[in-house]
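**Student:** Numbering (this note's numbering), first residue to last: 126 to 265. Just so you know, even glycine gets a beta-carbon here, dropped at the ideal spot from N, CA and C. Remember, predicted model here, so these are calculated numbers, not experimental data.
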Amino acid sequence: MNELPPDPSRLRAILAYLDQRIAETETVATYLRLQTRAVRHALAAVEKRPSNDRRLPPTPSQPRSALEAPAPQGGGYVVEKQVHAGHPLGAAVHRADCTVIQRDANPIGADDARQALTGDAKFFRACEFCRPDTALGIPA
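Put into structure tokens, the structure is as follows:
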């Protein structure tokens with residue numbers, strides 16, 4: 126580093142800036158550690174399965190329709206967060222294997238998904254692609 130300024134106010138400003146950069150870097154490092162842990166966990170789970178069970182997801186040249194999709198495992202539903210608070214469309218309920226989820230999503234069970242989709246439509250809506258309402262037997 127070049128020559129530092131002699132006055133305390135500028136030194137404090139530099140110190141605050143450096144502390145902020147360190148904090149941001151630690152946040153990114155924590156996020157990357159969590160992502161690495163999740164990938165290792167997923168890899169270990171895949172490697173435990175028999176080799177004939179390992180299938181690659183469809184490529185974009187081979188689109189998979191909701192009708193061809195297998196039924197979700199163990200509840201198999203997620204709630205995708207709302208675009209923003211007050212957005213006219215509520216949070217979207219998807220089947221867990223849906224390929225159009227764009228935002229953070231939280232896993233939920235079939236009963237919670239059914240309850241969300243039969244409640245007030247301003248809070249929750251069914252994904253138009255994977256149709257969790259149809260999979261749950263909710264009439265349109």
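Short of 6 Å in beta carbon distance, which residues of its chain neighbour Ile226, apart from the five on each side in sequence? Order them along the chain.
**Tutor:** Correct list, in chain order: Glu205, His219.
**Student:** Looking at Gly201 and Ala170, is the spacing between their C-beta atoms short of 8 Å?
**Tutor:** No. Outside cutoff.
**Student:** From Asp229 to Lys173, what distance separates their C-alpha atoms?
**Tutor:** Taking the straight line joining both Cα atoms gives about 27 Å.
**Student:** For the beta strand (DSSP E) holding Glu205, just list the boundary residues, first then last.
**Tutor:** From DSSP, the beta strand (DSSP E) with Glu205 extends over 202-205.
**Student:** How would you write the range of the alpha helix (DSSP H) that His166 sits in, first residue to last?
**Tutor:** Start and end: 133-173.
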